[in-house]
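Chemist: Dumping the structure here so I can ask a few things about it.
4 protein chains.
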Amino acid sequence: MPGNAFGTAFRFTTWGESHGLAIGGVVDGVPPRLPLTEDDIQPWLDKRRPGQSKFVTQRKEPDRVRILSGTFEGLTTGTPISLIIENVDQRPRDYSEIKDLFRPGHADFTYWKKYGIRDYRGSGRASARETAMRVAAGAVARQVLNAAWGDTFRIRGAMVKMGALEIDRARWDWDIVGDNPFWCPDAAAVPVWENFLTVARKAGSSAGAVLEIHGEGVPPGLGEPVYDKMDADLAKAMMSINAVKAVEIGDGFAGVELPGEDAHDTMHMEDGAMVFDSNRAGGTLGGITNGEPLVVRFAVKPTSSLPRPRPTVTVDGEDTAAITKGRHDPCVGIRAVPIGEAMMACVLADHWLRDLGQRGR
Amino acid sequence: MPGNAFGTAFRFTTWGESHGLAIGGVVDGVPPRLPLTEDDIQPWLDKRRPGQSKFVTQRKEPDRVRILSGTFEGLTTGTPISLIIENVDQRPRDYSEIKDLFRPGHADFTYWKKYGIRDYRGSGRASARETAMRVAAGAVARQVLNAAWGDTFRIRGAMVKMGALEIDRARWDWDIVGDNPFWCPDAAAVPVWENFLTVARKAGSSAGAVLEIHGEGVPPGLGEPVYDKMDADLAKAMMSINAVKAVEIGDGFAGVELPGEDAHDTMHMEDGAMVFDSNRAGGTLGGITNGEPLVVRFAVKPTSSLPRPRPTVTVDGEDTAAITKGRHDPCVGIRAVPIGEAMMACVLADHWLRDLGQRGR
Amino acid sequence: MPGNAFGTAFRFTTWGESHGLAIGGVVDGVPPRLPLTEDDIQPWLDKRRPGQSKFVTQRKEPDRVRILSGTFEGLTTGTPISLIIENVDQRPRDYSEIKDLFRPGHADFTYWKKYGIRDYRGSGRASARETAMRVAAGAVARQVLNAAWGDTFRIRGAMVKMGALEIDRARWDWDIVGDNPFWCPDAAAVPVWENFLTVARKAGSSAGAVLEIHGEGVPPGLGEPVYDKMDADLAKAMMSINAVKAVEIGDGFAGVELPGEDAHDTMHMEDGAMVFDSNRAGGTLGGITNGEPLVVRFAVKPTSSLPRPRPTVTVDGEDTAAITKGRHDPCVGIRAVPIGEAMMACVLADHWLRDLGQRGR
Amino acid sequence: MPGNAFGTAFRFTTWGESHGLAIGGVVDGVPPRLPLTEDDIQPWLDKRRPGQSKFVTQRKEPDRVRILSGTFEGLTTGTPISLIIENVDQRPRDYSEIKDLFRPGHADFTYWKKYGIRDYRGSGRASARETAMRVAAGAVARQVLNAAWGDTFRIRGAMVKMGALEIDRARWDWDIVGDNPFWCPDAAAVPVWENFLTVARKAGSSAGAVLEIHGEGVPPGLGEPVYDKMDADLAKAMMSINAVKAVEIGDGFAGVELPGEDAHDTMHMEDGAMVFDSNRAGGTLGGITNGEPLVVRFAVKPTSSLPRPRPTVTVDGEDTAAITKGRHDPCVGIRAVPIGEAMMACVLADHWLRDLGQRGR
């Protein structure tokens, strides 16, 4: 069983290496008669695109998506949607000197061990470039969900920690998230992070980050017991993103410290409707959505491509040092916000269609 | 797509409610000619079984497993292995008064929303009782892996935090893990936890926990890019366990705070072999095992069944309070250690067979 | 990827060998709140059960099914339904002398080649006994479809050819199908077949058969282009039944001989509704149901277990002869009618739920 | 669950409509380090390409395939292989007058019923054009199998019946199959068929065909009991091809007429090796290959696009007539030979990798 597809009812398969001719994906399972053109996808890709501030890689990729199939006169037809992005800014020269060594923190070594062959140009298939297709698939997923759930449905994300610098959640303001280069919801944190990351970048260092994605307006009842729980699939989705090393839902690790009587969301009636008194669970109970906002956090490790020598070995078993001269992000977490949002959209579209398919009528 | 199966090449499907006649599972994809009898499975179930100390539920379930198919004269035949455990200690009376309300922190509400019908006896399918079958499947997975990888392969787990009380990792001693009721590797922490949990239990409270599972002797090259990464599947596996709300690999969330130059595992040659200088990655790079021990931690929320009233609502929309009178664990995390171990075994067996199936010869 | 499961949205996994303790299956994906008890399944099993006439095996198996999970107070709960049938009439003695040889026409040789181990008692997993679980799963599928489609939906089957003796389709009468031991719809053929099969049986021979299954009242629009077409999945379903060697839909092979202008179903309007002028397509166009009755035929080869010596070789590579002394069907096709019906029900339930899951709302 | 993918371990997903910008596919699961360039694929596409004789459609499509990912320096890398063929000869004008009606024998009606929207240009996704991608995937599958099984492995196909005209199997000569426009193995049949099809074409009629595909040099032991049997998957593969209505393995339907003692392949020892005395089973026993050549036949119905008026109805429910003015094949079966060969290659590659993945070491 190969592993380049995600989802079951809403299923996308991606392909492409960072320095090949193109990257692309096929989204299968999209319901018919939904509005979909390149204009519905491009804005999300733009959000992820490199080169937008000095804090992300300066690699110039317009990341212009094209739809090659599956739509007719602006509507989906129920047939597979093929998406393609041509690779424009290919500079294989940059990578020639890393050809025969294993960069620390990269997948060079493990791809070599698994496949015995490696497309060494820009990490090949392990490149973060693959995530552009996740964002594109997420845009298609949003069309599915918007049509089904309407305006109250919304997915949005933010960076809540950079390096050791955490936001003050009391100052959380969604309105400023799009106005700073870090998707930071805490205005006071922005200049601090800016200073921190500038210093790190100049020092040839890099920084990790914690991101938080919210899904609002999600109906209760989604998620399939017992192995394909909503939170299990969200965890898999986020952990499959490059450089992610941890995922939590709701209170997550912090919830462990609470006494049992404070750790669960009690309920009461209000104006004839059941209301949860809190959302410690982060929107799921028993792996099924409960109607509260989904809250997922995940950790992105510091960028492993560094412009300073790091000890490693060559393919032929000799000690050496790796140094990255190319263009790279000092904090890859920044660009992971739209990716995390997209993966949540894909998981939700998948579970929405799965749930429809279990209702029986 | 229903959700009661886990894995692809090594695939198990479980069934059964906590208060039905039995619970069971079918393990499909087990290679032929491996030794397997009930005696290979029972010890792992005994490790998870209730009633072994005052810190776990006193429900009396012998959890005696029977193999109904798939073996012949003590060896697997390559056909599906059916496992069954009869439910002995059924006391439906205990649950009659929770029949019409939604217990906080339980799946009552979400099952109701999803299915419109609910087997209210002891949480039905959402009961932790289902995890017995995970442990049984894990025992079968171990037979697969032992035959392939030999003696250097080992999975073991421990509890590293109870409530807010964390172990001192400098005192980690695997040898004592089996000798205390908490799977605690820090001898000094045991009496502290014992006191803490006794107080909590008497107060009608409960405690969360963080568990850590190690997989040693795992060959490099396992995990399928890009969506079925080893860490992604481990995250899904752990997050699918009842009450788990967070998962991390290697440094996990803590790794975010490190500067890039300290966050990745450098390499050097030693006696002709490549050696990693550290294991911050927790055994995976690019979603593929690197030969270092797999290190996974996950958070189990405090038990939600409490012997004290908690505000909630009834099925008919009236305010009420839920109180659990039955026998329950003050810290469900304790019994999750063998479950986490079993899930890692299943993920590894699955990826081992998947990898074999991608080699082509 | 193991192969003991069928379907995707309506998915069942079977287990068990003919001479083990029991056989069973798990049906996952059944919608909640459908009526289901053992009484909904048993009649279909009785239809397939051995020992009902002198033309089927005299093996005595009551084939009493039990539901072990997934229902509550007579209704499905949306959780997996575990079904079990205990093996009562086990006589391992009968099989001792075939232990070390490969019976012609049986799976003995290929199981040996594939697995290197073989449960030789009564064909193990390759026994037709496994089909009892298909019939049980089919009964569950019917509950799904009856609830969704109502009374106009009906699946029924008949035998249309035994050996070289074909029915006269002009005499087709569904009403007599259940009243003769062959599920024959042509009253005039019954005594002819009876004589033919009696002679064959006494001569130590056996006969093949062609069966035809009709699915009426199936809504248009079911089937997933392009690989999971309705006819493709029906073909797989029927071909997976023991001893089946051919499948056709509608005109099938005979349709090849028609000129193009006569080979397709034209349409016209009648009372405001579109009507097909014929059903040469057998109910599918482009792999999607068109609202006409599904018509599937399949060929069952003559029983391979014969009470006369047949040349073969031993496991150790010596020439020998195989002879079956046990109780066997002179025409296994007879008992395949309810199995074919059940497989059609399973395919339809699967595609019905899949289609629901692609509609998007 | 969408349906545009085939296979599990060797899995390909196709996309594209006949008159869109391009068609394509992604092949996932291909083992690494196999030789693969466009030159390994193009010859098989050329074999299927339109416009090669007066007996196939004159639509001009160079069908030039490009590999967009998954290879590096002429070798596969283990990552997904993206294949694309641009649509060159798009003439949407030809289809404008069939826009609002349902052509008999086509999928127009059923796509409309299923999706409520239809890309009416040249049958959209239901076009036989999709099969080009099957042929391309088959070429990749052959690389997998050639590397594993060597020179004794070979797949080849022939047409054995056109309309009512069957070949004389005594005259079967593989050497002439590639030298006539019909893939006919009987030299005497060629001029007869040529005359027959010329007359049919001029009369505005069309003809059906029966094709036979052989797989030689296939090792025993492939196929997964009990639902994913080799013959079940071959049946699905062939039945999923456009216009196919019947499939049989080995003796198929004809085997029904044999007495049991003549219907099965007996065995004997010869020079120390087991030898089958015949191949009535067509290479499978119990759904597992037995080492004998796989023999599959399938029926292709007469072309449904006819240049003469046929009664039908419009989308708006009015009686009308459909007539096809475009370029079409008088016998679509001709071009189905390489498609059937390709599907067999894909099924074998899939089961080969699946079997490897079940061996355990």
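Residue numbers (my numbering), protein chains in the order written: chain A, 1350 to 1710; chain B, 1350 to 1710; chain C, 1350 to 1710; chain D, 1350 to 1710.
All C-beta atoms in this analysis are idealised placements derived from N, C-alpha and C, irrespective of residue type, glycine included.
Computed from a prediction, not measured in an experiment: that's the story for all the values here.
Rounded to whole angstroms, how far is the Cβ of B/L1560 from the Cβ of B/G1682, which I believe are closer than 8 Å?
Modeler: Going by Cβ atoms, the distance from B/L1560 to B/G1682 rounds to 6 Å, so yes, they are a contact pair.
Chemist: Please report the distance separating the alpha-carbon of B/S1472 from that of B/R1452.
Modeler: Going from the Cα of B/S1472 to the Cα of B/R1452 covers about 10 Å.
Chemist: Based on DSSP bridge pairs, tell me the residues matched to A/S1654.
Modeler: According to DSSP, A/S1654 bridges with nothing at all.
Chemist: Does the beta carbon of A/T1547 sit closer than 8 Å to a beta carbon anywhere in chain B?
Modeler: Chain B contact via Cβ: absent.
Chemist: Taking a contact to mean a Cβ-Cβ separation below 8 Å, would you say A/P1687 touches A/R1397 in this structure?
Modeler: Yes. Within cutoff.
Chemist: Going straight from the alpha carbon of C/W1461 to that of A/T1480, what length do you get?
Modeler: Those two C-alpha atoms are separated by around 46 Å.
Chemist: Take the Cβ of B/T1459 as the centre, count every other Cβ of all protein chains shown within 10 Å, and call the residue buried at 16 or more, exposed below.
Modeler: Burial call: buried.
Chemist: Any chance the stretch 1477-1494 of chain D sits against the stretch 1690-1699 of chain D, with 3 or more Cβ pairs inside 8 Å?
Modeler: A contact exists between the stretch 1477-1494 of chain D and the stretch 1690-1699 of chain D.
Chemist: If B/Y1576 and A/N1353 are in contact, beta carbons under 8 Å, what's the gap, nearest whole angstrom?
Modeler: Contact flag correct, Cβ pair sits at about 7 Å.
Chemist: So what's D/T1663 in DSSP terms, helix, strand or just coil?
Modeler: D/T1663: strand per DSSP, three-state reduction.
Chemist: What whole-angstrom Cβ distance do B/V1649 and B/A1685 have, given they're in contact under 8 Å?
Modeler: At roughly 5 Å, the Cβ-Cβ gap stays under 8 Å, so B/V1649 and B/A1685 are in contact.
Chemist: Take every Cβ of the stretch 1359-1370 of chain B, pair it with every Cβ of the stretch 1510-1520 of chain A, and state whether three or more of those distances are shorter than 8 Å.
Modeler: No, they do not touch.
Chemist: The stretch 1353-1371 of chain B: which residues have C-beta closer than 9 Å to a C-beta of chain C, in chain order?
Modeler: Answer in chain order: N1353, A1354, T1357, A1358, F1359, R1360, T1362, T1363, W1364, G1365, E1366, G1369, L1370 and A1371.
Chemist: Mind checking which residues open and close the beta strand (DSSP E) that includes D/G1564?
Modeler: From DSSP, the beta strand (DSSP E) with D/G1564 extends over A1558 to E1565.
Chemist: Taking 7 Å as the limit between beta carbons, can you name the residues of its chain near D/A1595, skipping five residues before and five after?
Modeler: Excluding residues within five positions, the ones whose Cβ falls inside 7 Å are F1647 and A1648.
Chemist: Should D/S1402 go down as buried or exposed, given a rule of 16 or more other Cβ atoms within 10 Å for buried?
Modeler: It counts as exposed.
Chemist: Compare the beta carbon distance of C/M1616 and D/P1660 with 8 Å and say whether it is the shorter of the two.
Modeler: Yes, the pair counts as a contact, with Cβ atoms nearer than the cut-off.
Chemist: Determine the contact status of B/F1531 and B/M1508, defining contact as a CB-CB distance below 8 Å.
Modeler: Yes. Within cutoff.
Chemist: Mind the definition here: the stretch 1582-1595 of chain A touches the stretch 1536-1543 of chain A only if three or more C-beta pairs lie below 8 Å; say whether that holds.
Modeler: Flag = no, the stretch 1582-1595 of chain A and the stretch 1536-1543 of chain A do not touch.
Chemist: Taking three-plus beta-carbon pairs below 8 Å as touching, is the stretch 1618-1631 of chain A in contact with the stretch 1418-1428 of chain A?
Modeler: No: fewer than three Cβ pairs fall under 8 Å.
Chemist: Output needed for D/S1431: all residues of its chain with C-beta closer than 6 Å, excluding positions within five of it in sequence on either side, in chain order.
Modeler: For D/S1431, where only same-chain residues beyond five positions count, the Cβ hits under 6 Å are V1375, L1417 and S1418.
Chemist: State buried or exposed for D/K1448, treating a residue as buried only when at least 16 other CB atoms are found within 10 Å of its CB.
Modeler: That one is exposed.
Chemist: Let me know the alpha helix (DSSP H) ranges lying completely inside the stretch 1359-1414 of chain D, each 4 residues or longer, listed in chain order.
Modeler: Counting only runs of 4 or more, we get 1387-1397.
Chemist: Report the CB separation of D/G1635 from B/Q1707 in whole angstroms; it is logged as a contact under 8 Å.
Modeler: Not a contact, Cβ separation roughly 26 Å.
Chemist: Would you say C/T1426 reaches chain B, if we count a Cβ-Cβ gap shorter than 8 Å as a contact?
Modeler: Yes, C/T1426 counts as interfacial toward chain B.
Chemist: Quick check on the DSSP output: what are the complete alpha helix (DSSP H) runs of length 4 or more inside the stretch 1428-1488 of chain D, in order along the chain?
Modeler: Whole alpha helix (DSSP H) segments, 4+ residues: 1457-1464.
Chemist: Taking 8 Å as the CB-CB cut-off, is B/D1454 touching chain A?
Modeler: The amino acid occupying residue 1454 of chain B in the given sequence is Gly; Asp does not appear at that position. Yes, B/G1454 lies at the interface with chain A (some Cβ there is under 8 Å from its Cβ).
Chemist: Short of 7 Å in beta carbon distance, which residues of its chain neighbour D/G1557, apart from the five on each side in sequence? Order them along the chain.
Modeler: G1512, A1648, V1649, K1650, P1651 and G1682, listed in sequence order.
Chemist: Please compile the residues from chain B whose C-beta is within a distance smaller than 8 Å of the C-beta of A/T1638.
Modeler: Here the neighbours are T1459.
Chemist: Could you pull out every unbroken alpha helix (DSSP H) segment of at least 4 residues lying fully inside the stretch 1504-1585 of chain A, listed in chain order?
Modeler: Segments of the alpha helix (DSSP H) lying fully in the stretch 1504-1585 of chain A: 1538-1551.
Chemist: Based on Cα-Cα distance, which residue from A/W1498, A/V1593 and A/P1574 lies nearest to B/I1590?
Modeler: The shortest Cα separation from B/I1590 among A/W1498, A/V1593 and A/P1574 belongs to A/P1574.
Chemist: Near D/G1378, what residues of its chain come up, given a Cβ to Cβ distance below 6 Å and the 5 sequence neighbours on each side ignored?
Modeler: Correct list, in chain order: A1358, F1359 and R1360.
Chemist: For D/L1417, name the three-state secondary structure that DSSP assigns.
Modeler: Reduced to three states, the DSSP call for D/L1417 is coil.
Chemist: Please go through the same chain and pick out, in chain order, the residues whose beta-carbon is closer than 7 Å to the beta-carbon of D/R1629, but skip the five residues on each side of it.
Modeler: Within the same chain, D/R1629 has close Cβ partners G1599, D1600, G1604, A1612, H1613 and D1614.
Chemist: In the DSSP assignment, the alpha helix (DSSP H) including D/V1686 goes from what residue to what residue?
Modeler: That run of the alpha helix (DSSP H) goes G1682 to R1708.
Chemist: Could you give the first and the last residue of the continuous beta strand (DSSP E) run that contains B/D1668?
Modeler: Unbroken beta strand (DSSP E) run through B/D1668: D1668 to A1671.
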